[in-house]
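I have placed the structure first, in the form of structure tokens, so that the comments after it can refer back to it.
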Amino acid sequence: MQLARVVGTVVASVKSPGLDGVALLIVQPLDRGLAPVGGTVVAADAVQMAGPGELVYIVAAREAALAMPEPFVPVDHAIVGIVDAVTTAEGSP
Amino acid sequence: MKLARVVGTVTSTINVPVYDGRKLLLCDLVGPDGSPADGYLIAVDTVGAGAGETVLLMDEGNSARQILGASEAPVRTLIVGIVDVVEVAPGEGQAEAQAGAAPTRPTRSRARAKPGPRPGQQASRAEEPPRRPRRRRLA
């Protein structure tokens with residue numbers, strides 16, 4: 014799992030069956046100092062509460078689809094939690 | 007499996023149900039010598055690891071779900087062990103091993119809180135008398 018920031022939303026009216034009603038959000042993966050790393054990806058919102066600007070954690074690969082109500086869907090990144098706090102020895106980033 | 011060092015915690019109240027009541031730890035990946043490798047992972051703690059400890063990460067979904075007993079959980083990364091010593095065979099990066107002997111040997115003297123569920127094979131660890139750390143040679 015990795016930290017990410019929600020930076021936008023995707024609206025798609027034509028989707029694969031099983032993705033109906035699933036919110037798709039653009040997320041920017043972050044390093045542990047909360048600096049952007051790599052490019053943005055589209056993630057399915059499994060908690061159904063994330064919105065732009067929020068710090069979340071995402072799970073990738075096959076595990077992402079398991080977070081969805083229907084586990085056999087073409088999803089490779091999913092938001093599985095909204096972060097309240099990240100605490101390290103150096104303090105919160 | 008990967009070696010990592012626990013550097014912090016992640017808390018969340020809104021999450022997928024499988025994470026309810028589980029401790030999420032921020033882990034920096036490290037090499038055999040304890041030096042930072044590229045990247046980090048957020049892992050579910052199953053052994054009671056704490057900040058500063060070198061741990062064994064399993065980054066594979068099927069194994070993770072099997073250990074948690076949750077066959078359809080969106081979980082991939084678990085902390086499955088606390089590393090005592092990493093020993094690298096002579097001639098296979100000996101310099102790194104010696105340089106990193108100290109950082110990969112966490113202090114084990116303090117009493118450890120055990121908040122999370124523990125795999126059965128580690129349940130009796132606290133009752134065992136102190137002994138020399140088991141050394142594992144990496145081929």
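Protein sequence lines, in the order shown, are assigned to chains A and B.
Taking my numbering, the leading residue of the first sequence gets 14, the next gets one more, and so forth.
Taking my numbering, the leading residue of the second sequence gets 7, the next gets one more, and so forth.
In this text, a Cβ means the ideal position worked out from N, Cα and C, and glycines have one as well.
(message) Strictly by DSSP, which residues pair up with A57 of chain B?
(response) Under the DSSP definition of a beta bridge, A57 of chain B lacks any partner.
(message) Here's the rule: buried if 16 or more other CB atoms are within 10 angstroms of the residue's CB, otherwise exposed. What is P80 of chain B?
(response) buried
(request) Would you mind sorting D26 of chain B into buried or exposed? The rule is 16 or more other CB atoms within 10 Å of its CB. (result) Counting Cβ neighbours within 10 Å, D26 of chain B comes out exposed, since fewer than 16 surround it.
(request) Would you list the residues sitting across from V54 of chain A in a DSSP beta bridge? (result) A:V40
(request) Determine, using beta carbons only, whether T101 of chain A comes closer than 8 angstroms to chain B. (result) yes
(request) Please report how far the alpha carbon of E64 of chain A lies from the alpha carbon of E103 of chain A, in whole angstroms. (result) Note on identity: in this sequence residue 64 of chain A is Gly, with Glu being the wrong assignment. Taking the straight line joining both Cα atoms gives about 28 angstroms.
(request) Have a look at M81 of chain A and P96 of chain B and give me their C-alpha separation to the nearest angstrom. (result) 48 angstroms
(request) Locate the beta strand (DSSP E) running through R75 of chain A, then write down its first and last residues. (result) Taken as a continuous stretch (DSSP letters only), R75 of chain A belongs to no beta strand (DSSP E), being part of the alpha helix (DSSP H) at 75-79.
(request) Report the neighbours of D44 of chain A on chain B: residues whose CB is nearer than 9 angstroms to its CB, in chain order. (result) G45, Y46
(message) Taking DSSP's pairing of strands, which residues face N21 of chain B in a bridge?
(response) A:G94
(request) Please report the residue range of the alpha helix (DSSP H) in which L74 of chain B lies. (result) 67-74
(request) Tell whether a beta-carbon distance below 8 angstroms holds between V50 of chain A and V69 of chain A. (result) no
(request) Can you give me the Cβ contacts of T17 of chain B inside the same chain, cut-off strictly under 8 angstroms, excluding the 5 residues immediately before and after it? (result) L30
(message) Could you give the first and the last residue of the continuous beta strand (DSSP E) run that contains A43 of chain B?
(response) Segment 42-51, the beta strand (DSSP E) holding A43 of chain B.
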